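Shown next, in structure tokens, is the structure this report addresses.
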Amino acid sequence: MGNFDFAQFQLETEKRFVLPATAEADVPQLLVELDALQSAAETLIAKHPDGDRSLLACAPGCQSCCVVNVSITLLEGISILRFLQQLNSADLERIVSRLDNLWRAVRGLDDEERLMLRRKCAFLDDQGCCIIYPVRPLFCRSISSTDVELCRAAVTEQVFGETQPVMMHQFQLQLYKTLFLGVAEGLNRAGLDGRSFQLCGLVRYLLSHPDKSEELLRTSSLSWSEIYP
Ligand code: SF4
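Residue 149 in the numbering used here sits at position 157 of the sequence shown, and the numbers go up by one each step.
Here it is, written out as structure tokens:
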């Protein structure tokens, strides 16, 4: 990891979201900030001396790790919502149906129970690629592996209570974790909703209440009981 200052990176991320006391949260601008932070993270990873990314086995069509609980902030959820709203109605209906089915199966499950189900993410297409790749969650961006088989084995063995170490790009993992914390805390400091939600449940809810999304970010009023049904 060299001597990269993750604490400073988190503080700088938080500051990107803090508003002057009199300003109203400008959601489109917050989405631009999120996008810029993700691009900056990619540049930092590409330039970092530790870890050769050409050794990573992650590639389009590999969906080995897309069976876990994914946590996202409401701002990431709004970014995904905007992306999905540009799809044609047939594709969007298919995704809504997959989200409904998956949510009925995973709502209320903890991380281990979710993994036990081995149910694939609702955003995988028929080729095993991520439909929302350009706006995929920070959590998903943090994960990598040098060995597909080891990755699959690790998921299986975790189900049986064993652990299999998987070599990951550690700087990438730590940087995106820090970015997630910085975004969440930055939103909190700006008086916005910085809580995390389950990807499937939140996006499903936002798709059925698209006009409420910005208000929810400003008021932090979204409750578990609204997402659950
Ligand atoms: S959002 Fe994309 S990368 Fe993340 S778990 Fe779902 S399919 Fe995989």
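Don't be surprised by glycine CBs; every beta carbon is placed ideally from N, CA and C. Just so we're clear, the structure is a prediction, and the values are computed from it rather than from any experiment.
- At a threshold of 7 angstroms, Val195 does not count as near the ligand SF4, since its beta carbon sits no closer than that to any of the ligand's heavy atoms.
- For the ligand SF4, a non-hydrogen atom lies closer than 7 angstroms to the CB of Cys122.
- Relative to Gly53, the option among Tyr125, Leu171, Gly69, Leu107 whose CA is nearest is Tyr125.
- An exposed status is given to Val24, since fewer than 16 other beta-carbon atoms sit within 10 Å of its beta-carbon.
- Annotation: Val19 to Ser31 spans about 18 angstroms, alpha carbon to alpha carbon.
- Rounded to the nearest whole angstrom, the CA to CA distance from Gly178 to Val158 is 31 angstroms.
- A buried status is given to Leu171, since no fewer than 16 other beta-carbon atoms sit within 10 Å of its beta-carbon.
- Burial is judged here by how many other beta carbons sit within 10 angstroms of a residue's own beta carbon; Pro129 has at least 16 and is buried.
- Straight-line measurement puts the Cα of Gln162 at about 34 angstroms from the Cα of Ala17.
- Relative to the Cα of Leu142, the nearest Cα in the group Leu26, Arg181, Leu48 belongs to Leu48.
- For the pair of segments examined, the stretch 189 to 200 was found to touch the stretch 64 to 74: the number of CB pairs separated by less than 8 angstroms reaches three.
- Ser205 is not a Cβ neighbour of Leu109, given a cutoff of 8 angstroms.
- In terms of Cβ geometry, Leu167 and Leu36 form a close pair [threshold 8 angstroms].
- In the structure shown, the three-state DSSP call for Gln78 is coil.
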